[in-house]
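Residues in the sequence shown are numbered from 1378 upward in steps of one, following this note's numbering. Each residue gets a CB set at the ideal place from its N, CA and C atoms; glycine is no exception. Note sheet for the following structure.
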Amino acid sequence: MAISAKDVKKLRDMTGSGMMDCKKALAEADGDFDKAIEVLRKRGEKVAAKRGDRDANEGAVIAKINDDKTYGVIIRLSSETDFVSKNEDFVSFANKVADIALANKPADLNALLALPMEGDLTIQDKVTEMVGKINEKINVTAYEQLSAPLVAEYIHSGNRAGVLVGLSASSDEAYAAGRSVAMQVAAMKPLALDKGDIDQATQDKEIDIAKELARQEGKPEAMLDKIAMGRLNKFFKENTLVNQMYVRDNKKSIKQFLNETEKGLAATGFKHITLV
């Protein structure tokens, strides 16, 4: 099938691989982006992680928690240009949407958009009103919520990412540690909390890729399973929050850091929304 330059560029932006490599991978995968990424990885290409939180080009991400630090929300208000997203009124509107979400705890994004914002007007009505004024595509494109004995929040510079981290116990020390862990999430972008939260299909794909790479390296067939499991454990260490090495002290994992902060303190969950 014919592969367009636009699709090649899109795959390059997603993976960081070379243009020709991306074109060949798309051709081999019949234009399927997920399969093309797998093709690149099996060839040993260093592929940037493909995340579901890479939908919006510009906008503002807002994370907020309630007064007793047991519940938090994150919303993303998307725009086409940074000229709009950096506008004070745009960021103020995003904060108002987050405040409404925090107060009402809607079940999902559709429920959030249906909540009243001003008189008889819903959040979606007010977004549509803003679109008419600015003449640019604007919408609330993501919403997450988190409950825990303690929830810590973090907003990355310029409202480009928001994180919530849930912890098992509440104290001033635990909250400070939770903020540090939230910054870790923003920086290292873990896929899941712990090993058991990585779905089997993802694990099977990693094992398959690891075996193929080992074959290309000339490893004996009898050793492939052992090599693949070793690489799977490395994948877990790099991509699950509690097993990642703490960026401020790479001699300890996040799990160890939290336990040293307060004995028994543990991460119970996290949410992460970003623009890029």
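Enclosing beta strand (DSSP E) for residue i [first to last residue]
i       : result
Ser1524 : Asn1516 to Ser1524
Ile1655 : Outside the modelled stretch of the chain, which goes from 1378 to 1653, sits residue 1655, for which no answer is possible.
Asp1626 : Asp1626 to Ser1630
Leu1454 : Tyr1448 to Ser1456
Leu1486 : Where Leu1486 is concerned, there is no enclosing beta strand (DSSP E), although the alpha helix (DSSP H) it sits in stretches over Leu1486 to Leu1490.
Met1689 : Missing from the structure shown is residue 1689; the chain here goes from 1378 to 1653 and no further.
Lys1441 : Glu1435 to Ile1442
Reference residue i, options the options, closest by Cα
i       : options                               : result
Val1450 : Val1542, Lys1386 and Ser1548          : Val1542
Ala1440 : Ser1548, Leu1635, Leu1523 and Met1606 : Leu1523
Ser1534 : Ser1547, Asn1627, Lys1582 and Thr1651 : Thr1651
Phe1467 : Leu1601, Glu1598, Asp1390 and Asn1536 : Asn1536
Ala1488 : Ile1511, Thr1518, Glu1465 and Val1508 : Thr1518
Ala1563 : Ala1413, Asp1445, Asp1409 and Gln1621 : Gln1621
Glu1615 : Asp1602, Leu1601 and Ser1630          : Ser1630
Glu1589 : Ala1382, Ala1379, Gly1421 and Leu1388 : Gly1421
Ser1545 : Leu1642, Arg1389 and Val1416          : Leu1642
Asn1516 : Glu1435, Ala1484 and Ala1538          : Glu1435
Lys1419 : Lys1632, Ile1586 and Asn1627          : Ile1586
Residues near residue i in its chain [Cβ-Cβ closer than 6 Å; skip 5 each side]
i       : result
Ser1560 : The sequence shown places Met at residue 1560, not Ser. Around Met1560: Tyr1531.
Arg1428 : Since pLDDT at Arg1428 reaches only 36, below the 50 mark, its modelled position is unreliable, and the value read off the structure follows with that caveat. Nothing listed; no residue qualifies.
Leu1568 : Asn1616
Leu1486 : Tyr1520
Val1659 : Coverage of the chain is limited to positions 1378 through 1653, which leaves residue 1659 absent and any answer about it impossible.
Own chain partners of residue i with C-beta closer than 7 Å, once the 5 adjacent residues on each side are dropped
i       : result
Gln1580 : Leu1609
Thr1638 : Glu1550, Ala1551 and Ala1554
Ala1437 : Leu1454, Ser1462, Phe1467, Val1468, Ala1471 and Asn1536
Asp1430 : Note that Asp1430 has pLDDT 37, beneath the 50 cutoff, so the model's placement of it is unreliable and the number below is only indicative. Counting only Cβ-Cβ distances below 7 Å, and skipping sequence neighbours, we find His1649, Ile1650 and Thr1651.
Ala1433 : For Ala1433, the predicted structure reports a pLDDT of 42, less than 50, and the residue's modelled location is therefore unreliable. A value from the coordinates is still provided. The residues are Arg1453, Ser1455, Thr1518 and Leu1652.
Ile1511 : Val1461
C-beta atoms of residue i and residue j nearer than 9 Å
i       : j       : result
Ile1604 : Ala1591 : yes
Val1558 : Ala1525 : no
Asp1571 : Val1540 : no
Phe1612 : Glu1594 : no
Ile1442 : Leu1492 : no
Lys1324 : Leu1527 : Past the boundaries of the shown model lies residue 1324; the chain is included only from 1378 to 1653, so the question cannot be answered.
Asp1384 : Gly1408 : yes
Lys1386 : Phe1410 : no
Close beta carbons around residue i, own chain, < 8 Å, minus the five adjacent residues each side
i       : result
Met1494 : Lys1473, Val1474, Ile1477, Ile1500, Asp1502 and Lys1503
Glu1513 : Ser1456, Glu1457, Thr1458 and Val1461
Burial state of residue i (16 or more Cβ within 10 Å)
i       : result
Asp1398 : buried
Arg1625 : exposed
Lys1566 : buried
Thr1392 : buried
Leu1498 : exposed
Ala1402 : buried
Ser1394 : buried
Ala1382 : exposed
Ala1706 : Given a span of 1378 to 1653 for the chain in the structure shown, any question on residue 1706 remains unanswerable.
Endpoints, alpha helix (DSSP H) assigned at residue i
i       : result
Leu1618 : Leu1618 -> no alpha helix (DSSP H), and no H or E assigned at all.
Gly1679 : Examination of residue 1679 is not possible in this model, given that the chain is present from 1378 through 1653 alone.
Lys1400 : Met1396 to Glu1405
Leu1590 : Gln1577 to Gln1593
Residue i CB to nearest heavy atom of the ligand MG below 8 Å
i       : result
Leu1479 : The model on display carries no ligand, and the ligand MG is accordingly not part of it.
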